[in-house]
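2 protein chains.
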Amino acid sequence: MRDTGMGAGLGGESLLFLTDEQLRQGIEAMFFAYRGFTADPDRILTDLEYGRAHHRAVHFINRAPGTTVNNLLNILGVTKQSLNRVLRTLIADGLVESRIGHSDKRERHLYLTDEGRALEQKLSDAQRARMRTAFREAGPDAVGGFRRVLEAMMDPEMRRAYARLKEQGA
Amino acid sequence: MRDTGMGAGLGGESLLFLTDEQLRQGIEAMFFAYRGFTADPDRILTDLEYGRAHHRAVHFINRAPGTTVNNLLNILGVTKQSLNRVLRTLIADGLVESRIGHSDKRERHLYLTDEGRALEQKLSDAQRARMRTAFREAGPDAVGGFRRVLEAMMDPEMRRAYARLKEQGA
DNA sequence: AGCTTACGTCAGTGTTGTTGACATTCCAAT
DNA sequence: ATTGGAATGTCAACAACACTGACGTAAGCT
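Those protein sequence lines, which keep their order, are chains R and E.
Residues in the first sequence are numbered from 102 upward in steps of one, following the numbering used here.
Residues in the second sequence are numbered from 102 upward in steps of one, following the numbering used here.
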């Protein structure tokens with residue numbers, strides 16, 4: 102087994118949790134857990150001819166109603182063309198409403214329709230159910246650690262977006 | 102704000118960490134963190150004309166040298182056609198070697214070549230670096246919680262695969 | 001001999017992402 | 001008032017990565 106060479110001679114703190122093997126287990130845990138994380142919504146979506154991209158759009162529009170396309174673009178980290186394709190179908194299907202901005206008429210503000218909210222509800226119910234089970238199994242302390250590690254893993258820009266959404270939801 | 106209706110009257114334990122808002126923050130944390138998780142390898146891969154699928158294959162072949170195609174299929178959770186496309190390019194490019202099984206000649210055992218190991222090293226160095234920073238920022242207790250929640254989030258089948266890899270690496 | 005398993009491949013399709021190019025609309029500055 | 005830039009939208013082409021379905025080959029099992 103290889104080692105980073107940083108595990109020895111660092112005083113009382115063993116830092117055993119930073120060995121390459123521990124890090125690799127963390128990487129694999131992320132990989133397998135993300136599969137579970139998306140599995141339930143994915144099943145619902147394939148029945149509805151939608152994909153994960155539609156879920157993400159619906160999720161964040163619900164989370165921040167009236168958000169602009171540009172704002173959504175930054176949160177989702179995709180190109181406007183990619184997002185536009187998804188939004189177009191959602192608007193055409195009557196799940197999302199796009200209203201021209203009042204102060205800046207170039208901007209489009211996005212809202213879920215009743216039907217859109219119904220889908221969001223259905224998807225997030227499924228996803229929250231899994232998250233709830235996992236949180237309950239692991240316990241409150243583990244949940245705190247989970248959140249701290251994930252936050253530290255984000256790119257700074259995403260960490261800011263995440264913090265903004267957190268404030269908004271509280 | 103909606104509520105699950107499970108937050109009240111449960112005695113001393115408040116279960117505040119299981120509110121819909123907390124769960125939604127967990128969901129968003131997973132989304133943003135996974136982006137960071139894959140960002141560094143993705144950057145390396147695009148330069149090399151490879152994708153995330155190649156990374157996953159190389160990772161697990163390195164992790165379990167001599168693994169069969171079928172075993173890899175189960176771990177990655179994709180179709181054989183999808184995996185085969187990736188394996189074909191990796192073998193053609195001399196990163197992976199496919200050896201016919203000794204006892205069962207139908208099976209192909211997969212190994213990384215020196216060149217394959219070099220790529221795996223490069224990719225996992227980048228990914229481990231981010232994981233290491235995140236782990237160090239969050240601290241050992243948080244890392245334990247992180248791992249417990251992720252494990253609880255996996256599908257049972259993936260939890261078994263994860264456990265098998267853990268034993269193997271120890 | 002017949003069935004199953006493991007693997008590979010061909011063909012077609014769908015989702016999601018990417019560039020690049022171009023039009024429109026609007027705000028803001030000269 | 002015109003010019004420049006930002007925000008949005010659209011079209012086209014393309015690539016990665018997943019899927020299904022069908023077919024073939026070789027090997028193993030009963």
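Idealized CB from N, CA, C, for every residue including glycine.
In the three-state reduction of the DSSP assignment, E150/E falls in the coil class.
Counting along the chain, the unbroken alpha helix (DSSP H) around L266/R starts and ends at P257 to G270. For R207/R, there is no enclosing beta strand (DSSP E), as DSSP gives it neither H nor E.
Membership of S183/R in the alpha helix (DSSP H) is indicated by the continuous run K181 to A193.
Between G127/R and F236/E, the beta carbon gap of about 7 Å places them in contact (Cβ cut-off 8 Å). The DSSP-derived three-state label of T214/E is coil. The three-state secondary structure of S199/E, taken from DSSP, is strand. At a cut-off of 8 Å between beta carbons, A262/R contacts chain E. In this structure, E198/R is the residue among A227/R, E198/R, A271/R and E208/R with its C-alpha nearest to the C-alpha of E216/R.
Scanning V179/R, P257/R, R153/R and M254/R for the CA closest to the CA of R136/R turns up R153/R. For L177/R, the uninterrupted alpha helix (DSSP H) run begins and ends at V170 to L177, by DSSP. If you draw a straight line from the Cα of N172/E to the Cα of L224/R, it is about 31 Å long. The Cβ neighbour count for H156/E, taken over all protein chains shown within 10 Å, is at least 16; the residue is labelled buried. Taking a Cβ-Cβ threshold of 7 Å, the residues of chain E close to Q228/R are I128, in chain order. Interface criterion not met: the Cβ of L220/R is under 8 Å from no Cβ in chain E. The C-beta of T234/R comes closer than 8 Å to at least one C-beta of chain E.
Interface flag for R200/R against chain E is unset, since no Cβ pair is found closer than 8 Å.
The beta carbon of R153/R does not come within 8 Å of any beta carbon belonging to chain E, so the residue lies off that interface. By the Cβ-count criterion, A262/E is buried, with 16 or more other Cβ atoms from all chains shown falling within 10 Å of its own Cβ. When the beta-carbon positions are compared, G246/R and A243/E come within less than 8 Å of each other. In this structure, the beta-carbon distance from A134/R to M255/E falls below 8 Å. In the DSSP assignment, A165/E falls outside any alpha helix (DSSP H) and carries neither an H nor an E. Between the region 201 to 217 of chain R and the region 156 to 171 of chain R there are three or more inter-stretch CB-CB distances shorter than 8 Å, so the stretches are counted as touching.
In the three-state DSSP reduction, L116/R falls in the coil class, being neither helix nor strand. Out of N163/R, T147/R and E268/R, the CA that lies nearest to the CA of L196/R is found in N163/R. Secondary structure of G246/E (DSSP, three-state): helix. Look at P166/E: its C-beta is not under 8 Å from any C-beta on chain R.
When Cβ-Cβ separations below 8 Å define contact, G245/E makes contact with chain R.
With fewer than 16 other Cβ atoms from the protein chains shown falling within 10 Å of its own Cβ, R265/R counts as exposed. DSSP, reduced to helix, strand and coil, places G127/E within a helical segment of the structure shown. Listed by position along chain E, the residues whose Cβ is nearer than 7 Å to that of D121/R are R229. Here L220/R has V159 and L196 as same chain residues with Cβ atoms under 7 Å from its own Cβ, once five neighbours each way along the sequence are excluded.
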